[in-house]
Amino acid sequence: MTQKPKRKNSDKQTMMIIGGVIAAALVVAAIFIVVSSQSSFSSVSVDYSEIPQGRLADGGFVLGNPDAPVTIVAFEDFLCPHCQRYKSTTEQFIDQYVATGLARFEYRFLPAVDRVYSPQSAKLAECSEILKPGSFWNAHDVLFDIASSSRFNNSSARTFADRMDIPYTDILECLPDANQVEVDTAFAQQIGASGTPTVMVRYGDSRPQFSQFGQQPTFEQLGLLVETASP
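Counting from 2, one number per residue, gives the positions in the sequence shown under the numbering used here.
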């Protein structure tokens with residue numbers, strides 16, 4: 002009669018130990034997922050040095066062979082978490098289709114997350130190109146990295162200037178004159194691009210249009226758009 006309570010207590014202790022082990026495993030798994038996702042956001046793996054870079058007549062930033070038959074146009078906000086996640090798709094696209102001359106990639110600013118810092122981040126990217134020609138696409142990656150690593154704030158511009166090796170005072174002087182974000186926002190409204198990321202396709206010199214794959218095509222779907230447009 003005196004042994005039964007002991008057995009129950011022993012069973013209870015065993016269950017508590019098992020429960021603790023499971024809880025610890027879940028915590029470790031959650032940490033791993035968060036760290037992995039953050040790492041994927043901050044990857045800067047594209048080498049832009051051998052890819053043609055330029056700006057369109059209205060100032061839009063474009064990357065790739067000017068004679069490519071198709072251009073993928075992305076309206077994005079550096080502060081947008083969905084854009085941060087989609088960046089791995091655009092990186093893969095640039096690596097396999099833009100760097101090889103089969104397509105172009107056009108980046109358009111579309112502030113969507115914060116009325117102050119979203120436009121400011123766009124202006125920082127444009128100022129990088131103004132102050133250090135040829136640096137826009139590296140600035141594009143750095144801004145995505147900063148925005149995905151921590152909340153964008155008043156110190157982010159200084160962090161950006163340091164990472165781009167541009168004097169902070171020069172950045173501050175440039176910001177009022179950087180207006181591409183206003184041009185791109187107006188363009189987005191004209192063609193019906195809303196929300197970020199919005200990914201469209203441009204054939205030749207035509208206006209961007211939505212593809213049959215919707216607003217956020219996968220890498221495979223982007224590849225199909227290029228392959229079906231190639232001569």
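C-beta atoms are modelled at their ideal positions from N, C-alpha and C, and glycine is treated no differently.
The structure displayed is predicted, hence computed values, not measured ones.
For residue i, three-class secondary structure by DSSP
i	result
I52	coil
V227	helix
I167	coil
Q121	helix
R203	strand
Q210	strand
R116	coil
T197	coil
V47	coil
S37	Annotation note: pLDDT 40 at S37 (below 50); position unreliable, no value reported.
D178	helix
S157	helix
L173	helix
A25	Note that A25 has pLDDT 46, beneath the 50 cutoff, so the model's placement of it is unreliable and the number below is only indicative. A25: helix per DSSP, three-state reduction.
Contact under 8 Å by Cβ, residue i with residue j
i	j	result
V99	I131	no
Q216	V200	yes
S157	I147	yes
A126	L144	yes
H83	T197	yes
S136	L80	no
V182	V71	no
Y204	N139	no
D115	F153	yes
V74	V202	yes
Endpoints, alpha helix (DSSP H) assigned at residue i
i	result
F94	P82 to F94
V182	Q181 to I192
F137	F137 to S150
The ligand ADP heavy atom lying under 7 Å from the CB of residue i
i	result
S136	Only the bare structure without any ligand can be found here, which leaves the ligand ADP out of the picture.
Nearest-angstrom beta carbon gap, residue j and residue i [assumed within contact, 8 Å]
i	j	result
G61	R105	At roughly 11 Å, the Cβ-Cβ gap does not stay under 8 Å, so G61 and R105 are not in contact.
P112	D78	6 Å
A189	F76	5 Å
L223	F110	Actually they are not in contact, since the Cβ atoms of L223 and F110 sit about 20 Å apart, beyond 8 Å.
Y118	H141	Between H141 and Y118 the Cβ distance is about 16 Å, and since that is not below 8 Å, they are no contact.
L176	K133	Wrong, their Cβ atoms sit about 15 Å apart, outside the cutoff.
F220	T101	That pair is no contact at about 14 Å.
Strand pairing of residue i, partner residues [DSSP]
i	result
L64	Q54 and F106
T219	Paired residue(s): none; T219 is not in a bridge.
Element boundaries [beta strand (DSSP E), containing residue i]
i	result
A75	V71 to E77
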